[in-house]
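Sequence order for the protein chains is W and Z.
Everything in the first sequence is counted per the working numbering, starting at 3 for the first residue and increasing by one.
Everything in the second sequence is counted per the working numbering, starting at 23 for the first residue and increasing by one.
Backbone N, C-alpha and C fix where the C-beta goes; we use that ideal spot for every residue, glycine too.
Take a look at the structure below.
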Amino acid sequence: MSNVTLRVNGRAHTVDIDPATPLLYILRNDLGLQGPRFGCGLGQCGACTVIINGAAVRSCITPTSSVRGEITTLEGLAKDGKLHPLQQAWIDEQVPQCGFCQNGQIMTAKAMLDRNPHPTDEQIRQGMSGTLCRCMTYYRIQAAIKRVAGRNV
Amino acid sequence: MIRREFLKTSGMLIVGVSAGAIVGPFAVEADAQAARGLYPDPDFHQLDSWIVIHQDSTATFYVGKTDCGQGTGTSFRQMMSDELDIAYKDTTCIMGTTDITVDQGGSGGSDAIQTDGWPMRRVAAEARRVLLEMASTRFGVPVAGLAVSNAIITVKADPSKTITYGELIGGKRFNVPLTGANIDATTGVAKVKPVQELKIVGLSPQRYDIPAKVDGSLKWAVDVKLPGMVHARNVKPPVAGAKLVSIDESSVRNLPGFVRVVSKGNYVAVVCEREEQAIAAAKQLKCNWQKPATPQLPDGSDGLFKYMRSTTPKSSQTPINIGNVDGAFANAAKMIEAEYEVPFQGHNAIGPGHALADPSNGQMTIYSNDMKSYGMRNGVAQFLGMQREQVRVIWMEGPQGYGRTAADDAGFEAAYIAKELGRPVRMQWMRDEEQAWDTKGPAFTFKIRGALDAQGHMTALDYAARSADYNHLGYNEPDTVLIAQLFGQRRDKPAAGSSAFPNDLYEIPNRRTLLEVVGLPLLWETPLRTGNLRDPNGPQSTFAAESFIDEMAFAAKADPLEFRLRMLMAGTGEDSGFKRARSIAVLKAAAEKYGWQPRPGPNPNRGSGDILTGRGVAYAFRNQTVIAQIAEVEVNRKTGRVWVKRAVVGHDCGLVINPEALHRTIDGATQHGISRALYEEVAFDTEKVLSRDWVTHPTLTHMDAPARIDVVLVNGDPNPNRPDLPHYGAGEAAMKPMIAAVANAIFDATGVRLRRVPFRKERVLAALNAAKV
Numbered sequence: 003m004s005n006v007t008l009r010v011n012g013r014a015h016t017v018d019i020d021p022a023t024p025l026l027y028i029l030r031n032d033l034g035l036q037g038p039r040f041g042c043g044l045g046q047c048g049a050c051t052v053i054i055n056g057a058a059v060r061s062c063i064t065p066t067s068s069v070r071g072e073i074t075t076l077e078g079l080a081k082d083g084k085l086h087p088l089q090q091a092w093i094d095e096q097v098p099q100c101g102f103c104q105n106g107q108i109m110t111a112k113a114m115l116d117r118n119p120h121p122t123d124e125q126i127r128q129g130m131s132g133t134l135c136r137c138m139t140y141y142r143i144q145a146a147i148k149r150v151a152g153r154n155v
Numbered sequence: 023m024i025r026r027e028f029l030k031t032s033g034m035l036i037v038g039v040s041a042g043a044i045v046g047p048f049a050v051e052a053d054a055q056a057a058r059g060l061y062p063d064p065d066f067h068q069l070d071s072w073i074v075i076h077q078d079s080t081a082t083f084y085v086g087k088t089d090c091g092q093g094t095g096t097s098f099r100q101m102m103s104d105e106l107d108i109a110y111k112d113t114t115c116i117m118g119t120t121d122i123t124v125d126q127g128g129s130g131g132s133d134a135i136q137t138d139g140w141p142m143r144r145v146a147a148e149a150r151r152v153l154l155e156m157a158s159t160r161f162g163v164p165v166a167g168l169a170v171s172n173a174i175i176t177v178k179a180d181p182s183k184t185i186t187y188g189e190l191i192g193g194k195r196f197n198v199p200l201t202g203a204n205i206d207a208t209t210g211v212a213k214v215k216p217v218q219e220l221k222i223v224g225l226s227p228q229r230y231d232i233p234a235k236v237d238g239s240l241k242w243a244v245d246v247k248l249p250g251m252v253h254a255r256n257v258k259p260p261v262a263g264a265k266l267v268s269i270d271e272s273s274v275r276n277l278p279g280f281v282r283v284v285s286k287g288n289y290v291a292v293v294c295e296r297e298e299q300a301i302a303a304a305k306q307l308k309c310n311w312q313k314p315a316t317p318q319l320p321d322g323s324d325g326l327f328k329y330m331r332s333t334t335p336k337s338s339q340t341p342i343n344i345g346n347v348d349g350a351f352a353n354a355a356k357m358i359e360a361e362y363e364v365p366f367q368g369h370n371a372i373g374p375g376h377a378l379a380d381p382s383n384g385q386m387t388i389y390s391n392d393m394k395s396y397g398m399r400n401g402v403a404q405f406l407g408m409q410r411e412q413v414r415v416i417w418m419e420g421p422q423g424y425g426r427t428a429a430d431d432a433g434f435e436a437a438y439i440a441k442e443l444g445r446p447v448r449m450q451w452m453r454d455e456e457q458a459w460d461t462k463g464p465a466f467t468f469k470i471r472g473a474l475d476a477q478g479h480m481t482a483l484d485y486a487a488r489s490a491d492y493n494h495l496g497y498n499e500p501d502t503v504l505i506a507q508l509f510g511q512r513r514d515k516p517a518a519g520s521s522a523f524p525n526d527l528y529e530i531p532n533r534r535t536l537l538e539v540v541g542l543p544l545l546w547e548t549p550l551r552t553g554n555l556r557d558p559n560g561p562q563s564t565f566a567a568e569s570f571i572d573e574m575a576f577a578a579k580a581d582p583l584e585f586r587l588r589m590l591m592a593g594t595g596e597d598s599g600f601k602r603a604r605s606i607a608v609l610k611a612a613a614e615k616y617g618w619q620p621r622p623g624p625n626p627n628r629g630s631g632d633i634l635t636g637r638g639v640a641y642a643f644r645n646q647t648v649i650a651q652i653a654e655v656e657v658n659r660k661t662g663r664v665w666v667k668r669a670v671v672g673h674d675c676g677l678v679i680n681p682e683a684l685h686r687t688i689d690g691a692t693q694h695g696i697s698r699a700l701y702e703e704v705a706f707d708t709e710k711v712l713s714r715d716w717v718t719h720p721t722l723t724h725m726d727a728p729a730r731i732d733v734v735l736v737n738g739d740p741n742p743n744r745p746d747l748p749h750y751g752a753g754e755a756a757m758k759p760m761i762a763a764v765a766n767a768i769f770d771a772t773g774v775r776l777r778r779v780p781f782r783k784e785r786v787l788a789a790l791n792a793a794k795v
């Protein structure tokens, strides 16, 4: 065990942990965050996604000791009490069924749009392809992303 | 004041909980920590068990359902608000927690709106009636002289005289008994409103649960933390039927945070202080397992189908035998015969099974996403040898498995370990465990024959289906959940399971069905145990039956839609005015939306390059809901990849409560059907399930989402002389025909008939190559 300092959603936290622990468990169990979720522990489904240095990162396979830079979770997307446009689009499109995977969908979409604000349909499919939904809300997710990208849907 | 006190004390004021406040898991959890003493069963024969009116004229509805992600809570609020004459925004809904909500069984069978919506509407209507009576007494005006809107009652003759629901009863009990032989029949004196008077039903308020699901504030069952809680992970047998000989606890004893190895029979779990420690310890624990003398499973799906065809069935359902099938075949102008196969498919929720059990106060509280929380309460109590009044289940949102949590293994396991340790225990299954050991949708084989006369009319259908469904898992039964099986418990008589024939509405004069269930050699402690997966046998049997109808249409050189319509219009029985007429309306609506041009398959204009296009239709009845789906596919003849580019869904589930929420439910179920058509299959060898992650049990991804989904809600009975249709179910219906629609579209595009699910690109390419497409 050792002290590790993480910057999450604009705040610094120091935790006494085994630094090899995947970031997901530290975020959920030590910092009490609920956005990133355990889905597979294998980096395959995306439910655990957080954003680090602008990239969508699978926190379930990311050793905490390897993290450099600010971590943003779903809870950190809203600014000054105003939802991020993607979150608002998710509400406007009524995207979720159960909603368990939607953390990963929203965070992956954010990293994608930050890099490429006006993706083509094919770029959206490619960019989101590794983020799974077992309620199969893909069609509505893509509609919500297009809405944020300023596209007619 | 906590809810349970309200339920047992009368006439007391309760602290006003405004509808805007967070009423949900947070409040319930606070309630839980304060709770002492036995957990009551809210009496469904008391109005107070269903509805509380607060002093600010808001209302809380307590219902005995759970939401599988379709937003049923929003629809319950719409129905109850409408009957109560209160604004939707001034209500909240609490679901599924066993000691504060009546037992409506949780969710399942797409019956939330169809069945459970009725007592909800009736009790809300009764509350409105009682409030009007109270106002009548207050003003000395007969009820007929009062008007009510948005929880305000007004004297019609003197509109200056008004009183609110809150002023009449806010925070106090109704003390009004209800009647009805069972909870579904619960009723007061009041009658529900006719459809024409419903104002909130039919609107599409946004689902109340969604904002907290997209901003990270919702507390799910996975998020609950209690002081002193520890983390548990299971260690499963390495091969099916293995016996535990010994455990070398020293292999993990010195790991950081190690608490205990818990084991009984072939059940093994490791408990540690921290989650990552439990994961590591479960991987490192050395167990000595004895493999069975001979392998216990068929050799993959190939071996399974061979076994299913050759073994003697364990059970069968009453066969249908109408007309003279053999005679019709003897006189047929043309006879078609085909066999179909559907493998085991997993539930595979996006989040594996989980629960937190708290043994405080000698009782047991389970925080769970179990869709049947009431059944879990009873099952766990029996399993642990506790009184049921000592056990309660707090239902919270969770990842949906569409039937997986009907027998919630993790809840039983958490409760067992918590009782052993005397500490709160969080059980979490891992992905490989969920993929390998969750319940499976049953595999099927089919053998179907059909006869055509010289005019191309179908004169006979001879349908035989076998499912691998013997010992089908029951709902939260204390002797059939996996931990009980691993403990060594056995039923003398395993559940019979079921096979299926999907649709008897086509007018075919001579019909025979044979519905059989086979058992696999290993019936207990098997990773191939079956459970209810969204519309349990429907997608399989509809795939076979509706593929076969397509084959008959091709043989008759008929358009597949017109071939179906002809058989639906031919009927003259009682059904023809209702079920068949609605079926025709739904098929026609879907065809019109799609722009269906009548022609026989395959598509003469399929394309000449790598991409071949085609369309396929399939139709089904589920309970009282009728559905038609049209798939338009692109098949890449170089790679075998199938893309459902467009899906059109005609859907009639009677009175629609929330059209936008229904649209999304249908979207999801349709894509779920595409996933099962194109990808899903449980892989296994003779020893174990080989599907252990999302590579080895693939699922639909964003790459496969249709470019367009059109949903046509066909709400209505074509007979204007019949009363308005009631609300039917919708959670599973759109799951039913989609596999068949995709298969029929692939045939239309390629001329190749795929009779084995799933249609992964390797299988499609092999079939195209064999047919030289």
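Proximity below 7 Å, CB of residue i to CB of residue j
i: PRO802/Z; j: ALA669/Z; result: No answer is possible for residue 802/Z: the residues shown for chain Z start at 23 and end at 795.
i: LYS87/Z; j: ASP133/Z; result: no
i: ILE54/W; j: GLY71/W; result: yes
i: ASN5/W; j: ASP18/W; result: yes
Exposure of residue i, with buried meaning 16 or more beta-carbon neighbours within 10 Å
i: HIS120/W; result: exposed
i: GLU359/Z; result: exposed
Within-7 Å CB hit, residue i to chain Z
i: MET138/W; result: yes
i: GLN46/W; result: yes
i: SER131/W; result: yes
i: GLY83/W; result: no
i: CYS62/W; result: no
i: ALA91/W; result: no
i: ARG117/W; result: no
Proximal residues to residue i (C-beta, below 6 Å), its chain only, five neighbours per side dropped
i: GLU442/Z; result: VAL284
i: GLN312/Z; result: LYS265 and VAL267
i: ALA49/Z; result: Residue placement at ALA49/Z cannot be trusted, given a pLDDT of 49 that sits under 50; what the coordinates show is reported in the next sentence. Within the same chain, ALA49/Z has no close Cβ partners at all.
i: ASP89/Z; result: GLY95
i: ALA755/Z; result: ARG644, THR647 and ILE649
i: ILE143/W; result: VAL97 and GLN107
Residues of its chain near residue i, where Cβ-Cβ distance is below 7 Å and the 5 sequence neighbours each way are ignored
i: ALA91/W; result: ALA146, ARG149 and VAL150
i: TYR750/Z; result: GLN136, ASN645, GLN646, THR647, CYS675 and GLY676
i: ALA229/Z; result: Reading off the sequence shown, one finds Arg at residue 229/Z, where the question assumed Ala. Cβ within range, chain order: GLY93, THR96 and ALA683.
i: PHE196/W; result: Outside the displayed span of chain W (3 to 155) sits residue 196/W, for which this structure offers no information.
Test: residue i CB closer than 7 Å to a CB of chain W
i: LYS305/Z; result: no
i: ILE649/Z; result: no
i: ASP720/Z; result: The sequence given here places Pro at residue 720/Z; Asp does not occur at that position. False, the Cβ-Cβ gap to chain W never drops below 7 Å.
i: ARG453/Z; result: yes
i: THR723/Z; result: yes
i: ILE372/Z; result: yes
i: LYS615/Z; result: no
i: TRP716/Z; result: yes
i: HIS694/Z; result: yes
Three-state secondary structure assigned by DSSP to residue i
i: GLY672/Z; result: strand
i: CYS62/W; result: helix
i: SER520/Z; result: coil
i: ALA52/Z; result: For ALA52/Z, the pLDDT reaches just 47, beneath the cut-off of 50, and the residue's location in the model is therefore unreliable, although a value from the coordinates is still provided. DSSP places ALA52/Z in helix when its eight states are reduced to three.
i: GLY132/W; result: coil
i: GLU295/Z; result: coil
Other residues of its chain near residue i: CB distance less than 8 Å, five sequence neighbours each side excluded
i: GLN306/Z; result: SER273, VAL274 and LEU277
i: ASP70/Z; result: PHE28, LEU29, ARG195, PHE196, ASN197 and VAL198
i: LYS81/W; result: none
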